Amino acid sequence: MSMPLEGVRVLDLTVYAFGPRTSEYLAEMGAEVIKIENTETGEPIRWIDSMREVPVGKFKAYFEQTHRGKKSMAMDLHHEAAREAVYKLAEKSDVFVTNLRVGGLRRLGMDYDTLSKINPRLVYAIGTGWGLKGPARDRGAFEATGFAASALVTSLAEPGSRPPLCPPAFGDYTAATLLAYGIMLALFHRERTGEGQMVHASLLGTSMKVISCCIDTCLVAGRDMFGQAHELDGAFYSMYQTKDGRWIQLSVVQDYRSWTEFCQAVGLQGMGDDPRFNSPEARRENNAALIAILDEIFLGKTQSEWIDVLDKYNFPWAPVRHFTELANDPQVLENEYLVTIEDPEAGKVQVVGPALDLSKTPGKVGDKAPELGQHTEEILLELGYAWEEIMAMKEKGAIL
Amino acid sequence: MSGPLEGIRVIDFTIQAFGPRTSEYLAEMGADVIKIESPRGGEPLRGVDVLRGVPSYGFNSYFDQIHRGKKSMTLDLHFESARQAMYKLVEGADIFVTNLRMRGLERLGVDYETLSRLNPRLVYALGTGWGMKGPGRERGGFEVTGAAGSGVLTCFVERGARPPLWPPALGDYIAATYLVYGVMLALYHRERSGKGQLVHTSLLGAFMKVASCCVDASVYANQDMYGTSHDEDGALYNIYETKDNRFIQMAAMQDDASWAEFCEAVGIEHIKDDPRFGPYEARRKNGPALVVILDEVFLSRTLDEWVSILDKYHFPWAPVRLFTELASDPQVAANDYLVTVDYPGAGEAKVVGVNLDLSETPGRVRERAPELGQHNEEILVDLGYTWDEIMAMKEEGAIL
Chain A
2 MSMPLEGVRV
12 LDLTVYAFGP
22 RTSEYLAEMG
32 AEVIKIENTE
42 TGEPIRWIDS
52 MREVPVGKFK
62 AYFEQTHRGK
72 KSMAMDLHHE
82 AAREAVYKLA
92 EKSDVFVTNL
102 RVGGLRRLGM
112 DYDTLSKINP
122 RLVYAIGTGW
132 GLKGPARDRG
142 AFEATGFAAS
152 ALVTSLAEPG
162 SRPPLCPPAF
172 GDYTAATLLA
182 YGIMLALFHR
192 ERTGEGQMVH
202 ASLLGTSMKV
212 ISCCIDTCLV
222 AGRDMFGQAH
232 ELDGAFYSMY
242 QTKDGRWIQL
252 SVVQDYRSWT
262 EFCQAVGLQG
272 MGDDPRFNSP
282 EARRENNAAL
292 IAILDEIFLG
302 KTQSEWIDVL
312 DKYNFPWAPV
322 RHFTELANDP
332 QVLENEYLVT
342 IEDPEAGKVQ
352 VVGPALDLSK
362 TPGKVGDKAP
372 ELGQHTEEIL
382 LELGYAWEEI
392 MAMKEKGAIL
Chain B
5 MSGPLEGIRV
15 IDFTIQAFGP
25 RTSEYLAEMG
35 ADVIKIESPR
45 GGEPLRGVDV
55 LRGVPSYGFN
65 SYFDQIHRGK
75 KSMTLDLHFE
85 SARQAMYKLV
95 EGADIFVTNL
105 RMRGLERLGV
115 DYETLSRLNP
125 RLVYALGTGW
135 GMKGPGRERG
145 GFEVTGAAGS
155 GVLTCFVERG
165 ARPPLWPPAL
175 GDYIAATYLV
185 YGVMLALYHR
195 ERSGKGQLVH
205 TSLLGAFMKV
215 ASCCVDASVY
225 ANQDMYGTSH
235 DEDGALYNIY
245 ETKDNRFIQM
255 AAMQDDASWA
265 EFCEAVGIEH
275 IKDDPRFGPY
285 EARRKNGPAL
295 VVILDEVFLS
305 RTLDEWVSIL
315 DKYHFPWAPV
325 RLFTELASDP
335 QVAANDYLVT
345 VDYPGAGEAK
355 VVGVNLDLSE
365 TPGRVRERAP
375 ELGQHNEEIL
385 VDLGYTWDEI
395 MAMKEEGAIL
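Protein chains in written order, with this note's numbering: chain A, 2 to 401; chain B, 5 to 404.
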């Protein structure tokens with residue numbers, strides 16, 4: 002079975018997370034992705050040794066999952082010879098992905114104006130922190146700044162309390178998803194017209210997009226939205242603590258439909274007779290009392306016991322999982338949301354799969370991520386460079 | 005300049021948020037989207053008048069922002085006449101989007117097998133809660149179930165602490181972004197091969213994907229990742245409270261150059277060379293002590309004062325904004341991350357823009373969301389129905 006991006010060549014001049022995740026999405030769907038790294042350290046994420054106290058062992062998970070299946074060229078773009086090589090590659094590439102800063106790209110001759118003149122069919126994708134315009138466009142950014150500046154993070158905390166820090170890479174990967182969608186729109190347009198173009202998304206813009214439900218509502222009402230204390234939650238859309246200090250998330254929004262089923266599931270007796278709870282309006286009015294009752298019920302069993310009980314019910318509920326538990330979760334495994342790969346150093350490792358199903362042209366988790374500069378020679382030779390030219394570039398330090 | 009999806013016809017058989025957001029992405033890029041609703045009430049979100057305590061004041065943003073530019077047709081697919089009309093629509097369509105449950109789709113005769121036989125070029129996009137396989141495949145999903153079931157929720161808080169309540173629509177919109185990327189992959193493949201296919205992702209799968217940095221590392225190390233504690237976090241990548249009980253996100257890097265700039269910006273030059281913080285290793289080791297110092301520094305000024313001071317600095321930082329403040333944020337305005345719409349009856353409103361830039365074929369925020377069944381007659385007449393046939397369908401209740 003073929004893959005949707007077979008034959009598509011992507012030039013990758015990215016760092017950290019937003020950029021690399023964008024082109025990795027394309028790699029998973031069959032594109033050939035050539036990453037250009039600097040000759041000193043290469044991609045900074047190669048060197049991360051731990052995140053949130055979870056250490057990196059023989060398997061560099063952070064680096065692998067955004068570089069699997071890519072090729073690596075190590076080149077110093079301050080050298081004319083290196084830039085020329087990239088221009089030759091750009092002529093034959095379909096997509097260029099970057100999240101370097103606009104000023105830096107211009108200085109290195111890797112801006113949209115330059116590359117689109119070399120190849121008018123090129124789809125040039127750029128991810129920024131704050132947008133291409135505006136007073137903050139030159140400011141550095143990390144995903145946390147996008148979540149803060151979009152107000153997204155205030156909706157996770159009660160008014161006046163410190164908002165949480167989001168999980169690592171979560172914001173970057175969300176923005177990468179939107180940018181990848183944009184790349185595909187541009188590729189589709191190019192199939193129909195032959196025309197390339199620039200595609201752009203920012204951490205700020207994407208955060209606003211995914212929280213747009215709250216933004217639009219708040220702007221019309223002139224009122225802000227915040228997180229909510231448990232006691233003020235809707236009783237059926239809240240999280241309950243279990244006997245073993247774990248959590249069960251309920252999302253029974255259509256409570257009038259699922260109410261009977263729900264009572265049966267959690268063992269709520271006699272609710273039909275209790276005037277506080279025997280109608281949707283009554284339940285809404287006595288929400289706090291209902292929460293208190295459910296708090297106690299859920300504390301009566303461990304999370305595993307609750308999972309066994311609730312498993313046969315189809316109203317929306319979920320165990321609040323820990324990451325390590327995903328490794329044995331049948332739902333995760335049967336849908337191949339984790340797949341097992343064979344890493345030459347670490348052996349068998351479970352990693353997140355494509356998680357996006359295409360029935361005729363499925364994606365796949367690529368091979369191991371490349372060593373720094375692993376494919377430089379191979380690719381230069383393919384471009385028609387002679388060995389002497391390659392050696393000359395090495396000697397100058399233009400390539401590794 | 006028209007959008008990249010001009011001429012593309014989408015049949016939208018979705019409800020709530022995951023499905024509608026997916027097809028709204030396509031509408032923003034110029035596609036012709038026809039939403040099929042039940043004659044009795046239609047899309048459930050039409051009736052939402054308050055969201056997390058914020059009332060809609062007659063302009064239902066939640067519904068509007070994922071239905072703008074769509075046409076609405078009511079069809080009760082329990083009626084043969086309605087089903088036939090649906091099949092006629094599907095024959096002439098490029099994309100079908102749904103997030104109804106699989107068994108329901110089968111019963112109504114609009115599952116993938118049926119529709120792909122009618123139209124082998126159809127791209128059939130399905131969003132589920134938990135995946136198409138596995139013991140939980142029939143369980144209802146609501147966006148927060150993705151965050152819970154993937155481990156993401158636990159990564160917002162310290163071990164054992166109650167995770168935050170999830171904001172409205174955030175989970176659905178993140179998953180929709182991934183699904184729409186898949187739709188474009190399939191559309192691109194169809195340009196090259198002539199073949200349609202089934203595209204699918206789930207809330208669980210999409211969340212694991214955007215959290216794959218955490219998942220892969222935790223599963224491999226067999227150690228879970230959690231949220232951070234303000235006091236023990238890195239001092240330069242942390243959230244600080246200001247004098248007026250607001251918050252500011254610092255996301256500066258730890259290297260020496262950034263440290264010097266940071267000290268100048270924040271006014272702590274007197275400790276720049278302090279042996280506890282000057283050298284890089286010491287700075288990392290003494291993070292908690294630095295947090296205590298910075299706590300006091302940030303408490304000495306209001307958020308606005310800090311924003312004025314930090315404005316000219318380029319290291320990553322951001323005010324933790326409230327939603328209502330976005331309306332006067334120059335960065336947001338400069339990039340059109342909010343645009344003004346003016347709907348008869350509702351007046352002017354600021355709403356989130358496309359936030360995805362394409363230089364040749366930009367998208368746009370579309371015209372007002374349709375009334376229930378607003379386009380019934382127009383579409384049926386277009387399909388070749390006579391007035392008598394249309395009246396008959398109305399009389400039996402197959403359409404509104």
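Glycine included, each C-beta is placed from N, C-alpha and C at the ideal position. The structure presented is a predicted model; accordingly, all values stated were derived computationally and were not measured.
Contacts that residue i makes with chain B (C-beta to C-beta distance below 7 Å)
i, result
"residue 108 (chain A)", "The premise fails here: residue 108 (chain A) is roughly 15 Å from chain B at the closest Cβ pair, so nothing lies under 7 Å."
"residue 351 (chain A)", "223"
"residue 304 (chain A)", "None at all; the shortest Cβ gap to chain B is about 11 Å."
Beta-carbon proximity check, residue i vs residue j, cutoff 8 Å
i, j, result
"residue 78 (chain B)", "residue 46 (chain B)", "yes"
"residue 373 (chain A)", "residue 73 (chain A)", "yes"
"residue 404 (chain B)", "residue 394 (chain B)", "no"
"residue 48 (chain A)", "residue 335 (chain B)", "no"
"residue 203 (chain B)", "residue 114 (chain B)", "no"
"residue 13 (chain A)", "residue 61 (chain A)", "no"
"residue 236 (chain A)", "residue 166 (chain A)", "no"
"residue 70 (chain B)", "residue 129 (chain B)", "no"
"residue 140 (chain B)", "residue 367 (chain B)", "no"
"residue 240 (chain A)", "residue 352 (chain A)", "no"
"residue 64 (chain A)", "residue 370 (chain A)", "yes"
Buried versus exposed, by CB contacts within 10 Å (16 or more), residue i
i, result
"residue 329 (chain A)", "exposed"
"residue 285 (chain A)", "exposed"
"residue 265 (chain A)", "exposed"
"residue 284 (chain B)", "exposed"
"residue 54 (chain B)", "exposed"
"residue 410 (chain B)", "There is no way to answer for residue 410 (chain B), as the model of chain B reaches only from 5 to 404."
"residue 313 (chain A)", "exposed"
"residue 365 (chain B)", "buried"
"residue 35 (chain A)", "buried"
"residue 249 (chain B)", "exposed"
"residue 342 (chain A)", "buried"
"residue 419 (chain A)", "Beyond the ends of chain A as shown, which are 2 and 401, falls residue 419 (chain A); an answer cannot be given."
"residue 280 (chain B)", "exposed"
"residue 182 (chain B)", "buried"
"residue 213 (chain B)", "buried"
Contact list for residue i against chain B, beta-carbon separation under 8 Å
i, result
"residue 189 (chain A)", "8, 9, 188, 191, 192 and 195"
"residue 263 (chain A)", "What residue 263 (chain A) touches in chain B: nothing, since even the nearest Cβ is about 12 Å away."
"residue 175 (chain A)", "178, 181 and 214"
"residue 60 (chain A)", "224"
Nearest-angstrom Cβ-Cβ length linking residue i and residue j, presumed shorter than 8 Å
i, j, result
"residue 87 (chain B)", "residue 64 (chain B)", "Not quite, the Cβ-Cβ distance comes to about 30 Å (not below 8 Å), so this is no contact."
"residue 179 (chain B)", "residue 210 (chain B)", "4 Å"
"residue 39 (chain B)", "residue 75 (chain B)", "7 Å"
"residue 205 (chain A)", "residue 150 (chain A)", "5 Å"
"residue 256 (chain B)", "residue 320 (chain B)", "6 Å"
"residue 144 (chain B)", "residue 315 (chain A)", "6 Å"
"residue 317 (chain A)", "residue 232 (chain B)", "Incorrect: roughly 29 Å between the Cβ atoms, too far for contact."
"residue 224 (chain B)", "residue 58 (chain A)", "7 Å"
"residue 251 (chain B)", "residue 140 (chain A)", "That pair is no contact at about 18 Å."
7 Å Cβ cut-off: residues of chain A touching residue i
i, result
"residue 324 (chain B)", "149, 154, 155 and 164"
"residue 1 (chain B)", "Lying before the first or after the last residue shown, residue 1 (chain B) is absent from chain B, which here runs from 5 to 404."
"residue 219 (chain B)", "324, 327 and 353"
Partner residues on chain A for residue i, Cβ-Cβ distance less than 9 Å
i, result
"residue 145 (chain B)", "252, 317 and 319"
"residue 204 (chain B)", "357, 358, 359 and 360"
"residue 354 (chain B)", "216, 217, 220 and 221"
"residue 243 (chain B)", "145, 149, 154, 163, 164, 165 and 166"
"residue 160 (chain B)", "157, 165, 166, 167 and 168"
Residues, ordered as in the chain, of the stretch 225-241 of chain B that lie near chain A by beta-carbon distance below 9 Å: 225, 226, 227, 228, 229, 230, 231, 232, 234, 237 and 241
Near-chain A residues of the stretch 254-271 of chain B - C-beta to any C-beta below 9 Å: 254, 255, 256, 257 and 262
Contact residues within the stretch 356-373 of chain B, judged by C-beta distance below 7 Å to chain A: 356, 359, 360, 361, 362, 363, 364 and 365
Near-chain A residues of the stretch 309-338 of chain B (beta-carbon distance less than 9 Å), N- to C-terminal order: 315, 317, 318, 319, 320, 321, 322, 323, 324, 325, 326, 327, 328, 329, 330, 331, 333, 334, 335, 336, 337 and 338
Cβ-based contacts, 9 Å cut-off: residues of the stretch 130-142 of chain B near chain A: 130, 133, 134, 135, 136, 137, 138, 139, 140, 141 and 142
Members of the stretch 20-31 of chain A near chain B, C-beta cut-off 8 Å: 26 and 30
Residues within the stretch 238-249 of chain A neighbouring chain B, beta-carbon criterion of under 8 Å: 238, 239, 240, 242, 246 and 248
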